[in-house]
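Novice: Its first residue numbered 1, the sequence shown is counted upward by one per residue in the working numbering.
Questions regarding the structure given below will be posed in turn.
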Amino acid sequence: MSLRQRCMTVAFAGIGFAMPYDLLPRTAAAALLLCLAACASITTDDPHARTPGVILDDQVVERMARRRIYEADEMFRTGNVSVVCFNGIVLLTGQVENSALRGKAAAALDGIRKVRKVHNEIQVSGPTNYVARTNDSWISTKVRARLLANAAIESDVGVTTEDGVVYLLGRVRRQDADVTVEEAQEVFGVRKIVKVFEYVD
1 MSLRQRCMTV AFAGIGFAMP YDLLPRTAAA ALLLCLAACA SITTDDPHAR TPGVILDDQV
61 VERMARRRIY EADEMFRTGN VSVVCFNGIV LLTGQVENSA LRGKAAAALD GIRKVRKVHN
121 EIQVSGPTNY VARTNDSWIS TKVRARLLAN AAIESDVGVT TEDGVVYLLG RVRRQDADVT
181 VEEAQEVFGV RKIVKVFEYV D
């Protein structure tokens with residue numbers, strides 16, 4: 001059994017015990033996320049995958065960006081803004097009350113070290129509710145699981161979902177990009193797929 005297969009076996013074995021039916025999806029998501037986090041860095045054969053140092057840099061960028069955004073305007077606290085950084089590429093998603101806030105969120109990232117580019121996908125609308133955000137997390141989990149299970153995908157791909165829109169990030173081969181999109185399209189609840197890729201071929 002390959003390492004990829006063992007990771008998947010561990011993930012699903014962890015949710016095999018008896019529990020109330022309504023808790024199963026949430027528990028499954030937690031089990032898969034833990035497994036994916038543990039296995040992602042060792043199951044890829046991608047020479048362009050993020051190194052531990054790059055992952056740490058991305059995490060620092062995310063924390064600093066969130067802090068700067070919330071300090072830029074108190075109205076961000078009533079909205080819903082998410083920050084994801086992957087290889088120095090920052091993706092902003094969520095909802096704010098007006099276009100001025102949308103621009104202010106991106107401007108707040110000016111001068112942050114290690115930021116190479118910012119994709120501003122924030123929408124001007126009311127914030128999504130708890131149910132929608134939970135569903136987004138579940139969609140991301142299912143997409144990641146499908147990518148991990150597909151041995152043909154060698155690239156290191158980041159996944160985040162906002163209001164049913166799946167964003168795919170990473171430095172990838174074009175062939176892997178196509179397969180990744182096909183896998184994401186198979187997940188129920190996905191309304192749209194946005195590629196935030198850097199191509200290495």
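In this text, a Cβ means the ideal position worked out from N, Cα and C, and glycines have one as well.
None of the values given here were measured: they were computed from a predicted structure.
Using the Cβ count rule (16 or more neighbours within 10 Å means buried), how would you classify S140?
Specialist: Per the 10 Å Cβ criterion, buried.
Novice: By how many angstroms is the C-alpha of R63 removed from the C-alpha of V54?
Specialist: Each residue's alpha carbon lies about 14 Å from the other.
Novice: Classify A151: buried if its beta carbon has 16 or more other beta carbons within 10 angstroms, exposed otherwise.
Specialist: When all chains shown are included, A151 counts as exposed.
Novice: Considering only residues of the stretch 122-189, which uninterrupted beta strand (DSSP E) runs meet the minimum length of 3 residues and lie entirely inside it, listed in chain order?
Specialist: Entirely contained in the stretch 122-189, the beta strand (DSSP E) runs reaching 3 residues are, in chain order, 158-162 and 165-172.
Novice: Quick one: is E170 buried, meaning 16 or more other Cβ sit within 10 Å of its Cβ, or exposed?
Specialist: Before going further, note that residue 170 is Gly rather than Glu in the sequence given. So G170 counts as buried.
Novice: Look up D93 in the DSSP assignment and give the residues it is bridged to.
Specialist: Rather than Asp, the amino acid found at residue 93 in this sequence is Thr. Paired residues: S82.
Novice: Does N98 pass the burial test, meaning 16 or more other C-beta atoms within 10 Å, or should it be called exposed?
Specialist: Exposed is the call here.
Novice: Quick check: the Cα distance between D58 and F86, rounded to an integer number of angstroms?
Specialist: C-alpha separation (whole angstroms): 6 Å.
Novice: In the DSSP assignment, find the beta strand (DSSP E) that holds I55 and state where it starts and stops.
Specialist: Taken as a continuous stretch (DSSP letters only), I55 belongs to no beta strand (DSSP E), being part of the alpha helix (DSSP H) at P52 to A72.
Novice: Where does A184 land, buried or exposed, given buried means 16+ other C-beta within 10 angstroms?
Specialist: So A184 counts as buried.
Novice: Out of curiosity, what's the CA-to-CA distance linking D201 and R174?
Specialist: About 7 Å.
Novice: Is it a yes or a no for the stretch 128-146 touching the stretch 175-195, going by three-plus beta-carbon pairs under 8 Å?
Specialist: Contact holds: three or more Cβ-Cβ distances are below 8 Å.
Novice: Can you tell me whether R191 is helix, strand or coil according to DSSP?
Specialist: Coil.
Novice: Throw me the rounded Cβ distance for the L91 and E121 pair, which I believe falls under 8 Å.
Specialist: Right, the Cβ-Cβ distance comes to about 6 Å (below 8 Å), so this counts as a contact.
Novice: Under the three-state reduction of DSSP, which class applies to K114: helix, strand or coil?
Specialist: Correct three-state label for K114: coil.
Novice: According to DSSP, which residues form a beta bridge with F197?
Specialist: Answer by DSSP bridge pairing, in chain order: G170.
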